[in-house]
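Protein chains in written order, with our numbering: chain V, -5 to 340; chain X, -5 to 340; chain Y, 9 to 515; chain H, 203 to 498.
Here a beta-carbon is modelled for each residue, glycine too, at the ideal position from N, C-alpha and C.
Heads up, the thing below is written out as structure tokens.
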Amino acid sequence: MPSNGAAEAKPASTTTNGAAAETRRQRMRMLISALGMLPVLLILCIGFHVLSEGRFFTGQNLGIVLQQAAVNTVLAAGMTFVILTGGIDLSVGSILAASAMAGLTLSKLPELGMLWLPAALLTGLGFGVVNGALIALLRLPPFIVTLGSLTAVRGLARLLGADTTVFNPSIPYAFIGNGSLTLVPGALSIPWLSVIALLVILVSWLVLRRTVLGVHIYAVGGNESAARLAGIKVWAVLIFVYGVSGLFAGLGGAMQAARLYAANGLQLGQSYELDAITAVILGGTSFVGGIGSIWGTLVGALIIAVLSNGLILIGVSDIWQYVIKGLVIIGAVALDRYRLQGSART
Amino acid sequence: MPSNGAAEAKPASTTTNGAAAETRRQRMRMLISALGMLPVLLILCIGFHVLSEGRFFTGQNLGIVLQQAAVNTVLAAGMTFVILTGGIDLSVGSILAASAMAGLTLSKLPELGMLWLPAALLTGLGFGVVNGALIALLRLPPFIVTLGSLTAVRGLARLLGADTTVFNPSIPYAFIGNGSLTLVPGALSIPWLSVIALLVILVSWLVLRRTVLGVHIYAVGGNESAARLAGIKVWAVLIFVYGVSGLFAGLGGAMQAARLYAANGLQLGQSYELDAITAVILGGTSFVGGIGSIWGTLVGALIIAVLSNGLILIGVSDIWQYVIKGLVIIGAVALDRYRLQGSART
Amino acid sequence: MNDPILEMRGVSKTFFGIKALRAVDLIVYAGEIHALMGENGAGKSTLMKILSGAYRPDPGGEIRIEGKAVRIEGPLGGRAAGISIIYQELSLAPNLTVAENIYLGREMSRSGLLARGAMREGVGPILTRLGADFLPSTLVAHLSMGQRQLVEIARALHARSKILIMDEPTTSLSAAESERLFALIRQLRAEGLAIIYISHRMDEVYALGDRVTVLRDGRLVGSLDKPEIRADTIVRLMVGRDVSSFYKKDHDPEAGRGHPVLAAIDMADGQRVKGCSLTVHAGEVVGLAGLIGAGRTELAHLIIGASPKTSGRLELEGRPVEIRTPGEALEAGIAYLTEDRKALGLFLDMSCLDNINLAVLARDAKLGWVLDRDKARERADRAFAGLSIRAANAGVPAGGLSGGNQQKVLLSRLLAIAPKVLILDEPTRGVDVGAKSEIYSIIDNLAKAGTAILVISSDLPEIIGICDRVVVMRAGHIAGEVTRGPNSPLTQEDIMALATGMEHLDA
Amino acid sequence: PSSAKELKSIGVSLGSMGNPFFVALSKGAEFEAKKTNPNVKITTVGFEYDLGKQVTQIDNFIAAGVDLILLNPGDPKAIGPAIKKAQAAGIVVVAVDTAAEGADATVTTNNVQAGEISCQYIVDKLGGKGDVIIENGPQVSAVIDRVVGCKNVFSKNPGIKVLSSDQDGKGSREGGLTVAQGYLTRFPKIDAIFAINDPQAIGTDLAARQQNRSGIIITAVDGAPDIEAALKDPQSPQIQASASQDPFFMARRAVQVGVGILNGQKPASTVELLPSKLVTRDNVAEYKGWTSDRSQ
Ligand SMILES: Nc1ncnc2c1ncn2[C@@H]1O[C@H](COP(=O)(O)OP(=O)(O)OP(=O)(O)O)[C@@H](O)[C@H]1O
Ligand SMILES: Nc1ncnc2c1ncn2[C@@H]1O[C@H](COP(=O)(O)OP(=O)(O)OP(=O)(O)O)[C@@H](O)[C@H]1O
Ligand SMILES: [Mg+2]
Ligand SMILES: [Mg+2]
């Protein structure tokens, strides 16, 4: 019997040790996967800096990159919510265009001009909620619903401006499109567009990681039928995420309108959905749903912006920009897969 | 003991009855879901016939519809293979463009001109196999890989023609693009494009439903790890389906080249992937993989073509065409869901 | 019986630095049923997956089959070596038919074309032998858990191999199906097959096992020959202590039984459940027994609003309640433990912590929405300690745990709710003896505290061990009820008679 | 000339580099720029008719420190603020093909006039009487101008009936083919079709040939290489005229004007309109197309 007792003690202690090692290893693993594509982003930045003879890491250029990443970041943040539930939103580009058109049209009315910003946001929210309702209540596949609204909302955006460009050089709140927030007078300032994008990321992070709703979103993406059985109102979660995606598309529309002072129902936002989805997936969020983080999305959006900016900076021709962009996207994910190989489950 | 035996026989016989009834119910269900969107297609056709004052159901117009549906049908057939495994192929439009460019460029060489058709097919197959290898061997997500090649192959397509429109008014085999196969001389003829599309559907059906490989494709889509455990070479299946998708995109490229006598690396095939995916999903194939049929895809592709043709026929303006198309796509799936509600389990 | 058909020596397996197996030996002879036992997470399934080729072992070990050293490369290698396996996790393609699943990976074809008809005919005999009540052409998606398990068994048997591995094949089977399977297994043993049998049901091991090998923490702790196979010896090897009082039933059904808490009246769904009524009182443990496909799970789903009902009503503590969704059931105080923990229960990619807290997040939240992370961690730690869940910590994804530990995580979620009515569908499926006795004592304590408990189980000894009375379902109807009297204990025979519809014959 | 400021780098942002028109434009720009400074660095990008993308490209040009931006504006007015930003960074901006508000100069084909001569040809051929179609395209200002010019002419002739002008041929062969197939089925009698560019005209001709419809006069605007071939091809007699543009020359002019401004020479007028000449089946032999070698 004593021998038995000893035998019992031994495995117990080793498992405790093992558990500690396990935890350490897990922390490493989580750190690595949280870092995600950051190394790729850094490599790209340094590469472009060298190749562009020092033009990349200048205050002005970094400001431009941030500003260019802003709209896509906002769209991708909304897309992250949607993809986390295992869905997809192809309509963000069209909703962006419709919201910008609605906002600009309103901004030209003398009395109501100041309301253009909320109007754009509400337009986006409205379309998003309709998407969500169709998906959640009629149980239609997200791809088809948002593909349908990609087309239909594009048509509405064109109707709003009677198929012309709406232009308003004196649009209120234009500063959000072209102004900068001065942090240190004369030395450090950040474009308002980037400030908005960062705020969107922060709010998204809060919702996803610090609220009950956030856990529910991950749960619906992880296992929808289990979520339903666990008492989660899946339909409400779905309407929420598509609503957020629409709202952020509306915000993106407002940002573009303020940046361009103009919008065109046909041209604005064409195939923005692909960039947004790419940012989300580059950021490590899984299409299956339930896995991913908003910080990854931010890095993904920055990679796309750095790539566009850097290739022009070093004077690569338009055609080769296509080829290189495509290869870099595949390469980045391959690198990521390789990097995680040791640590991830198969 | 004998009583036991008799008692055992009884539930067995009732369950056999139950099983037979169950099978009958299943057959009904399968018939209904195989019929799929056919009712929607018919409603659309009849609607357009009435609204266009009898112009829709004319031999000539039906020929046009079939012809316009042909390329998308071929792409959607390849996409069906891919989506059945739970994947997606966003690169078909770009591969189509690159194949058409390769074919047309070759067709202008005097000695090798006749080889343009196989060259286009091989170009498509090659890109498809590369997609498949990246997805199957490096285990990269299909969305990202094919998004990357959507961009990179588009660049290559432009490079092939030095970024201009390549045209060849005397391209060999031009008949496949504009000729018709005469069935009853002077009375009945079918455009060659449609003949090719139908052949593609037939071959796809044979492979999917009548070969071992077909079962393996469905198995990989239904439960990838189960397929792996059953000894199926999942990687080979994946390379095959993306190869098929590429090959069919190459065929689509050849069809477009023969139809237009020209190709442009940038413009040709833009956003064809969306139409192909829409056809597949309208046809009832599930994004999750493992569920769907190639006949559904054919019906889906016809719906899209009828919609485009019909709206022009009844003189709906371009803008409203967008709106109506989007709504019809959503409406069709909603109708389908409603129709199936009675017969399917939740 | 002199030369072993299978020798595994010094087999180890490491998952990303975690040792799941440490130099394990296993020797199996032809014509024996070799039971492999051990607690949840001991490494049984891992060892078998190495044998079937699903996992590659760490370098160093050796596998000999019929004396020849073999390297098993992938599932095809396992099959070529004469090994077939029923995996613990069901591994069927739901979108394919029964016949297609059974032939998966080795389909029949004639001149290049698939021979569907021949395949359907080919699986007929084996399905009949297993007593399956579905056709080869049925889609697996339309089968219940138990029926799916029969398909897995049919697939393994159909492969006609030398070594047959069964990893918990009876978890979804009820007594009748299990008996039929046992007869088949004995027959295969007589034909000279070597059968490796994994189960947490002790009675099965006593009934079948010729030899028992026990694993603990990835190590071999001992082998027992037929005469030594007794509950005390096995359990002591497995858990390192005695588990004396296995079924725990301290609550007094007579004294403790309170008012009726849950009354389901005339519930039907128009398909599988045809007008069922039952009542559960406070402090009572009611068993719901029946053959597979009898409709027990469906009835539970109707009660909690997980599927739409065509008729019937519910009363909770005497008052009628309208429950349309599982969420409403939870709000009313009815909690349900699903029988299908992977598909309907757990969130495999989420942490155990989130899995445990999911149902009470809103209740715990600060300001109505903000997560209270301290409370959640406390609750998870308490669950880990209380149910001795084995995982590095509560932060690991639930998918990485062994089956039994996953079950405990899922159960913890329900216990966190502190419901009035607890419906447990196969609560100890895949759970080891130690954990089982823990779960039984939890059930007992809840009953003592006044919770009304309905236990759906296909494990008859379990039902008899823990329940106060047993309601039996047959083909969608309530076939009757078996009550424990002062002098008349519950018996398997009474329950089986009702479940199979032979009560009049026995009487 | 004694250049006060050397031209070191140019940024060019054009509609779509897949269009031979813009390819010819970029070649013209390169030719002229290399003449000024053989080591000049030219970055040419297509904005794919996305205004946002074009503004982004201009930002990138500013960051890259170019001296001159040549752009085909996505929208004549809306691009104004971006142009101001570039000018504030000391960059000279010249618009090509479409006028842009605030640009230092604009060099463009007179698109209204191009539409007018192309449609006047139809009116003349039909003798002022017939059913015609305006096959519209993407609503960019060049297309809008061409349609305006065309409608100007048609509206002056009461005998001409415009059956439809609200379908988008997407500016491509394929779009033209699809739209024309619909038109030909919808209208049993069509006397002439004005397509807003050459690819659409060729697609329209393919549709007509497929349906064995003859006697339809098809005209367009551009004078692209494929319309040259079609105008010489006896198999496509229905394609009869195209109002030509000269992108190579347009770009050369634009660079010349830009370099002039860099050196302090203001042009007389900020907008330089290049007239369009009609290429017909009769004069196509003498036409010097976009791809002919112009570098002498
Ligand atoms: N794919 C995997 N990745 C990481 N760890 C794994 C994997 N499979 C098993 N493990 C770990 O290996 C150990 C042994 O697991 P295994 O499934 O073999 O246990 P088991 O004895 O079959 O338990 P149960 O009785 O619960 O089925 C466990 O700690 C488990 O967490
Ligand atoms: N087509 C199906 N799709 C998904 N799940 C199904 C399907 N058919 C049955 N099921 C599941 O199988 C089970 C059906 O079991 P049922 O209620 O008929 O009998 P039971 O007595 O609970 O038997 P079992 O012991 O097999 O659970 C339920 O869990 C049900 O959800
Ligand atoms: Mg196991
Ligand atoms: Mg059940």
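Task: Whole-Å CB distance - residue 236/X paired with residue 122/X, under 8 Å assumed - done: Confirmed, Cβ separation roughly 5 Å.
TODO: May I have the straight-line CA-CA distance separating residue 314/Y from residue 303/Y, to the nearest angstrom?
DONE: Straight-line spacing of the CA atoms in residue 314/Y and residue 303/Y works out to 14 Å.
Open item on the list: Distance cutoff 7 Å, beta carbons only. Does residue 309/V sit that close to anything in chain H?
Closed with: Answer yes: the Cβ-Cβ gap between residue 309/V and chain H drops below 7 Å somewhere.
- [ ] Find the residues of chain Y that neighbour residue 284/V, judging by a C-beta separation of less than 9 Å, and give them in chain order.
- [x] Ordered by position in chain Y, the residues that pass the 9 Å Cβ test against residue 284/V are 355, 356, 357 and 358.
Open item on the list: Taking the beta strand (DSSP E) that residue 479/Y belongs to, which residues open and close that run?
Closed with: It spans 477 to 482 - the beta strand (DSSP E) in which residue 479/Y sits, taken as one unbroken run.
Task: Beta-carbon contacts of residue 79/V that lie in its chain and below 7 Å, excluding the five residues immediately before and after - done: The answer, listed in chain order, is 211, 214, 215, 231, 232, 235 and 283.
Open item on the list: Along the chain, where does the beta strand (DSSP E) containing residue 209/Y start, and where does it finish?
Closed with: For residue 209/Y, there is no enclosing beta strand (DSSP E), since its DSSP letter is neither H nor E.
TODO: Please decide whether residue 122/Y counts as near chain X, where near means a Cβ-Cβ distance under 7 Å.
DONE: With its beta carbon less than 7 Å from one in chain X, residue 122/Y belongs to the interface.
Task: 8 Å Cβ cut-off: residues of chain Y touching residue 76/V - done: Correct list: empty, because the minimum Cβ distance to chain Y is about 17 Å.
- [ ] Would you kindly report the start and end of the unbroken alpha helix (DSSP H) that includes residue 166/Y?
- [x] That run of the alpha helix (DSSP H) goes 153 to 166.
Task: Residues of the region 279 to 304 of chain X whose Cβ lies closer than 8 Å to any Cβ of chain H, in chain order - done: Cβ contacts with chain H: 302 and 303.
TODO: Have a look at residue 146/Y and residue 159/Y and give me their C-alpha separation to the nearest angstrom.
DONE: Taking C-alpha positions only, residue 146/Y is separated from residue 159/Y by approximately 11 Å.
Task: residue 162/Y vs residue 201/Y beta-carbon contact at 7 Å - done: No, the Cβ-Cβ distance between residue 162/Y and residue 201/Y is not below 7 Å.
- [ ] Put residue 331/X into one of helix, strand or coil per three-state DSSP.
- [x] Correct three-state label for residue 331/X: helix.
TODO: Take every Cβ of the region 189 to 200 of chain X, pair it with every Cβ of the region 251 to 263 of chain X, and state whether three or more of those distances are shorter than 8 Å.
DONE: Contact between the region 189 to 200 of chain X and the region 251 to 263 of chain X is absent, because fewer than three Cβ pairs lie under 8 Å.
Open item on the list: Just to confirm the assignment, what range does the alpha helix (DSSP H) spanning residue 323/H have?
Closed with: Its alpha helix (DSSP H) spans residues 313 to 328.
- [ ] Please report how far the alpha carbon of residue 156/Y lies from the alpha carbon of residue 463/Y, in whole angstroms.
- [x] Approximately 22 Å between the Cα atoms of the pair.
Open item on the list: Between the alpha carbons of residue 217/X and residue 189/V, how many angstroms are there, rounded?
Closed with: Cα-Cα distance, rounded: 45 Å.
Task: Beta carbon proximity, residue 378/Y to chain V, threshold 7 Å - done: Taking Cβ atoms only, chain V reaches closer than 7 Å to residue 378/Y, which makes this a yes.
Task: Cutoff 6 Å; reference residue 295/X; Cβ partners in own chain excluding five residues on either side - done: In the same chain as residue 295/X, and ignoring 5 residues on each side of it, the C-beta atoms closer than 6 Å to its own belong to 63, 66, 67, 70 and 273, in chain order.
TODO: Starting from the N-terminal side, write out each stretch of the alpha helix (DSSP H) that is 4 residues or longer and does not extend beyond the region 98 to 142 of chain V.
DONE: Restricting attention to alpha helix (DSSP H) runs no shorter than 4 residues, the region 98 to 142 of chain V encloses them at 110 to 131, ordered along the chain.
Open item on the list: Quick check on the DSSP output: what are the complete beta strand (DSSP E) runs of length 3 or more inside the region 211 to 293 of chain X, in order along the chain?
Closed with: The region 211 to 293 of chain X contains these whole beta strand (DSSP E) runs: 256 to 258.
- [ ] Look at the alpha carbon of residue 238/H and the alpha carbon of residue 458/H, and state the distance between them as a whole number of angstroms.
- [x] Roughly 9 Å separates the two Cα atoms.
Task: Reduced DSSP category for residue 442/H - H, G, I as helix; E, B as strand; rest coil - done: The answer is strand: DSSP assigns residue 442/H an E or B state.
Task: Neighbouring residues, chain X, relative to residue 431/H (Cβ below 9 Å) - done: By Cβ distance, chain X contributes 161 and 163.
Task: Cβ pair residue 218/H, residue 243/H closer than 7 Å - done: Going by C-beta atoms, residue 218/H is not nearer than 7 Å to residue 243/H.
Open item on the list: Which same chain residues end up closer than 8 Å to residue 192/Y when comparing Cβ atoms and leaving out the 5 residues on each side of it in sequence?
Closed with: Taken in chain order, the residues that qualify are 137, 138 and 165.
- [ ] Could you please tell me which residues of the region 394 to 421 of chain Y, in chain order, have their CB closer than 9 Å to any CB of chain V?
- [x] Under the 9 Å Cβ criterion, the region 394 to 421 of chain Y contributes 398, 399, 400, 401, 403, 404, 405, 407, 408 and 421.
Task: Around ligand 1, Cβ to any heavy atom closer than 5 Å, ordered along the chain - done: In chain order, the hits are 23/Y, 28/Y, 48/Y, 49/Y, 50/Y, 51/Y, 52/Y, 53/Y, 54/Y, 410/Y, 411/Y and 412/Y.
Task: contact_flag[the region 263 to 271 of chain H, the region 295 to 307 of chain V] where n(CB pairs < 8 Å) is 3 or more - done: Touching, yes.
Task: Within the region 382 to 461 of chain H, ranges of the beta strand (DSSP E) (whole runs, at least 3 residues) - done: Runs of beta strand (DSSP E) with 3 or more residues, each lying fully within the region 382 to 461 of chain H, are found at 394 to 397, 419 to 424 and 441 to 446, listed in chain order.
TODO: Report yes if the C-beta distance between residue 259/Y and residue 455/Y is below 7 Å; otherwise report no.
DONE: Yes.
Open item on the list: Quick check on the burial criterion: 16 or more other C-beta atoms within 10 angstroms. Buried or exposed for residue 40/X?
Closed with: By the neighbour-count criterion, in which a residue is buried when 16 or more other Cβ atoms sit within 10 angstroms of its Cβ, residue 40/X is exposed.
Task: Minimum Cβ-Cβ distance from residue 65/Y to chain V less than 7 Å - done: Closer than 7 Å: no.
Task: Residue environment, residue 110/X, which counts as buried when at least 16 other CB atoms sit within 10 Å - done: A residue is called buried once 16 or more other Cβ atoms fall within 10 Å of its Cβ, and residue 110/X is buried on that count.
Open item on the list: Can you list, in chain order, the residues of its chain with a C-beta nearer than 7 Å to that of residue 58/X? Leave out the 5 residues immediately preceding and following it.
Closed with: In its chain, beyond the 5 residues on either side, 303 have a beta carbon closer than 7 Å to the beta carbon of residue 58/X.
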